[in-house]
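Enquirer: Below are the structure tokens for one structure; questions will follow.
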Amino acid sequence: MLKKFLLPVIIFTLFILAGCSQNAKPMEIGQIPWGNYQKLTYDIFENDKLVGTAEFAIEKSQNTNTYEMSSITKIDSTQLNSGTTVKSDTLMPVSSYYSVMSPQGDIKIETTYKDKWNIKAKTPKGEQNLTVKLPKYYYDNDSLLMIMRAYPFKIGAEFTIYDAIASTAQIVPITNKVVSKEKVTVPYGEAECFKVELKAGAAKQYIWYSDDEKRLLYQYDNGKLVYKLKKVENNK
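The numbering used here puts the sequence shown at residues 1272 to 1507.
In structure tokens:
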């Protein structure tokens, strides 16, 4: 069950590392669509069957120019917690944590982003420390679904970002393309959404963001599991 859980919920963990490009560009940022606090709750489906839940929270730091982005995902007896501190102007990461609690054993990973990417992992097999070279512009995998809400979407737009994946210690280039607009119905309601294709190699995933100032993530399909928005909270 751990393998089944881990692979879908971490974006593109199996993609082959393509190297850190000096040609990496920053993600274009339009209007930040969230306020000082927001929590989004999702139902998770596999083959139209409800199999779990996920919560994504964003909170602006009171003392630093950063946002704290965290998530809790539960499927069967496995729970994944993650969190990323990102700069409020660029949405690039400062630090992150990632943990999995399951009957097969616990995994804890902590990372910091400086001149290089420093990763400290604790698994049932022991501890490991890694240092990974970073491109000029990069984004943390566990904040990716939320920070992409700030992109100024228009049909046909295409951009590549370098995705730092703590669970595999890889930097992966992902090409994102706004392919269409579609009406999407989820437990939260119905909305006209931009459909965004995420591609690395031959693998593709899809995200639907609402076409309004809130830019809510209405639906996410990673090829195995589908996340559907259920609830939005803008106050603690």
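Each residue gets a CB set at the ideal place from its N, CA and C atoms; glycine is no exception.
Being a predicted model, the structure only gives us computed values, none of them experimental.
Less than 8 Å between the beta carbons of N1447 and L1469, yes or no?
Expert: yes
Enquirer: Compute the Euclidean distance between the alpha carbons of V1357 and E1429, then round it to the nearest angstrom.
Expert: V1357 and E1429 have their C-alpha atoms spaced approximately 23 Å apart.
Enquirer: Pick helix, strand or coil for M1340, following the three-state DSSP scheme.
Expert: strand
Enquirer: Evaluate contact between the region 1378-1392 and the region 1304-1324, counting only Cβ atoms and requiring at least three cross-stretch pairs below 8 Å.
Expert: no
Enquirer: Under 8 Å by Cβ, that's how I've got K1466 and W1479 pegged, so tell me the actual separation to the nearest angstrom.
Expert: Yes, they are in contact, since the Cβ atoms of K1466 and W1479 sit about 6 Å apart, within 8 Å.
Enquirer: Please report how far the alpha carbon of G1301 lies from the alpha carbon of Q1375, in whole angstroms.
Expert: 42 Å
Enquirer: By the three-class DSSP mapping on this structure, what secondary structure does M1298 have?
Expert: coil
Enquirer: Could you name the residues that DSSP lists as bridge partners for S1451?
Expert: Listed as beta-bridge partners of S1451 by DSSP are K1466.
Enquirer: Can you confirm whether the region 1407-1415 touches the region 1355-1373 when touching is taken to mean that 3 or more C-beta pairs between the two stretches lie within less than 8 Å?
Expert: yes
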